[in-house]
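Numbering (our numbering), first residue to last: 11 to 620. The structure appears below as structure tokens.
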Ligand code: C2E
Ligand code: MG
Ligand code: MG
């Protein structure tokens, strides 16, 4: 006998119900000798009381008792919540077929005929307990399997399989009631990146927190069905009347199904509430990441009459939300389908573009305010599509990012930069820095450092000529581990810049510890400088860069006023159409020889006299 089952039988409590005091006494002696506890009952009523009060592990039940018979007691116990599975041994004086059948029909587990062989009683009871224990283990396993089949173990939310049933159920009901329903597809923006950078353990906690917020936010909408393991409602196949259902489809994808919706306004209100609640920073010890959701919404019946088409269209709407800059919700409309076909085509074409030399690298000068000379250039990729003409990187970089093609594209960009530098060097130009955009996905490649080091070795490019532009959100999502990563990159001898600074959320304490050379003020602030807020942000970023000993550069300079204001505030570098548009590599030599100081002076003078 194993240790475990031994300890189970030793602690076991046996209820002995018999109106014959001698039988009770003998039973007690035999069972106690085996280390069991014994509770006695002299008739049926006492047996029921003792069952409720003592919660025995096994019942030893005499059939022939005055008042309530053992069979009746057995039947009643089987109907009680705790009595369903308890092993019950019926003891009867008659061993005819009929009384044995009666015993089993009443719910007995075993039966024994009198006279009882006392020497074997202890052993028999142990066998029954062991069998019962095995049964319980099986039952628990089955519950667990059932649970796993329908629930996501991480968040305890219904899983994809439950979701399909939820949706079908709600659609059927909407059809019956002739009412509306809505399907919301929720996807967390940049979750993969965040997950990779904060570590998967914290990523899991983040998902749990997100699911709690979803539940909380929707609970107000009354009849939300919320399952917990082992709860009585633990059956997603049963219509529990809930009008709001949440599920996690996997990864960072969640769904909400709303029944009995009166109008799209209702749905919009809920979508907005979800946006707000999920976008709050998530406290995870040292990290407080912000994850914003993109939500796609499809309405029944107008956007789809069945589950399949609703799911497809909610998904399309979700991608539209992503394409519109993420962190927003979009209701499905028919034009979106056309767009997603277009997106697919774009992905395909991009694959060809890299093979067929349709990509070009252009360079936009960055002018130093103090000297008026071009000290650096930003490399910007262009796609000359054979049928569609020039496609802006704003349109294809996100596609490349989503499909992972950005890695190959990024490598191509660096190789082109090296090639062009060699070409400019051969012309005998003064050396200048080249700034290269590194996408978040690239930055999160575990072998980025290794790759850049290899690139510098292979190309022979002087590391000091290279500045990598990283986006604020990419480096801030996991501040602590990025300090190391950035320092390692920096130790190769290159410069680091934070692109689009001010558009993400920055932790000052990290920024101070990051080995960053340049803060790039996002062009949206430059465009807004005529507003009080815009001007205040620009002022703050310039002051910050001075305090942290970093260079400041403003991009998107288009007017004299912008130039003058930034120069006045002490911005170090400027980049924008006011000076030059992005140029072909062949046009770079001329631009680098140009002197912009008189242009800058004129702008400052004009603004002073104005
Ligand atoms: P970014 O890095 O912020 O680049 C600045 C963008 O502002 C460029 O757009 C540039 O052409 C544009 N720009 C410059 N001066 C002005 C101006 O005076 N007015 C206006 N309205 N715009 C100006 P572009 O080339 O369309 O690139 C858009 C974005 O695509 C870039 O934003 C960058 O995030 C991404 N990108 C471009 N090339 C690459 C690349 O090689 N690799 C990666 N990963 N991303 C790239
Ligand atoms: Mg840039
Ligand atoms: Mg930028």
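Note that CB positions come from ideal geometry on N, CA and C, so glycine has one too. These numbers come from a predicted model, not from an experiment.
Within the same chain, show all residues whose beta-carbon is closer than 6 Å to that of residue i, passing over the 5 residues directly before and after it, in chain order.
i           : result
residue 283 : 227
residue 162 : 169 and 258
residue 564 : 531, 536, 576, 581 and 584
residue 177 : 267 and 317
residue 479 : 445, 447, 507 and 509
residue 213 : 205
residue 216 : 292
residue 64  : 49
residue 604 : none
Under a three-way DSSP split, which group does residue i fall into?
i           : result
residue 157 : helix
residue 544 : helix
residue 537 : helix
residue 338 : coil
residue 368 : coil
residue 609 : helix
residue 240 : Because residue 240 sits at a pLDDT of 41, beneath the cut-off of 50, its placement in the model cannot be relied upon, and the following sentence gives the value as read from the coordinates. Residue 240 falls in the coil class under three-state DSSP.
residue 52  : coil
residue 65  : coil
residue 603 : helix
residue 262 : coil
residue 125 : coil
residue 445 : strand
residue 90  : coil
Are there 16 or more other CB atoms within 10 angstroms of the CB of residue i, so buried, or fewer, so exposed?
i           : result
residue 255 : buried
residue 297 : buried
residue 331 : buried
residue 34  : buried
residue 237 : Residue placement at residue 237 cannot be trusted, given a pLDDT of 43 that sits under 50; what the coordinates show is reported in the next sentence. Label assigned to residue 237: buried.
residue 481 : buried
residue 496 : buried
residue 572 : buried
residue 345 : exposed
Using CA coordinates, which residue listed in the options is at the minimum distance from residue i?
i           : options               : result
residue 210 : 261, 167 and 188      : 261
residue 360 : 306, 418, 350 and 335 : 418
residue 265 : 395, 37 and 317       : 317
residue 353 : 411, 385 and 588      : 411
residue 409 : 351, 290 and 380      : 351
residue 358 : 280, 406, 465 and 380 : 406
residue 366 : 142, 603, 544 and 422 : 422
residue 129 : 426, 39 and 614       : 39
residue 392 : 491, 593 and 546      : 593
residue 122 : 167, 88, 74 and 325   : 74
residue 119 : 415, 279 and 134      : 134
residue 46  : 21, 143, 442 and 37   : 21
residue 493 : 437, 280 and 207      : 207
residue 186 : 428, 502, 311 and 396 : 311
residue 32  : 461, 126 and 345      : 126
Using beta-carbon positions only, say whether residue i and residue j come within less than 8 Å of one another.
i           : j           : result
residue 506 : residue 526 : yes
residue 113 : residue 102 : yes
residue 562 : residue 582 : yes
residue 193 : residue 320 : yes
residue 221 : residue 165 : yes
residue 66  : residue 23  : yes
residue 139 : residue 97  : yes
residue 548 : residue 373 : no
residue 304 : residue 328 : yes
residue 203 : residue 487 : yes
residue 263 : residue 197 : yes
residue 574 : residue 613 : yes
residue 9   : residue 49  : Residue 9 falls outside the range modelled here, since the chain spans only 11 to 620, and no answer is possible.
residue 356 : residue 375 : no
residue 131 : residue 100 : no
residue 595 : residue 371 : yes
residue 449 : residue 416 : yes
residue 160 : residue 142 : no
Excluding the 5 residues preceding and the 5 following residue i in the sequence, name in chain order all residues of the same chain whose CB lies nearer than 7 Å to its CB.
i           : result
residue 566 : 533, 536, 537 and 586
residue 431 : 444, 471 and 475
residue 76  : 29 and 53
residue 82  : 54
residue 428 : 469 and 471
Kindly list the residues whose CB is nearer than 8 Å to the CB of residue i, restricted to its own chain and excluding five residues on each side of it in sequence; keep chain order.
i           : result
residue 59  : 51
residue 500 : 506 and 525
residue 199 : 301, 302, 303, 304, 332, 336 and 337
residue 616 : 570 and 574
residue 579 : 548, 549 and 552
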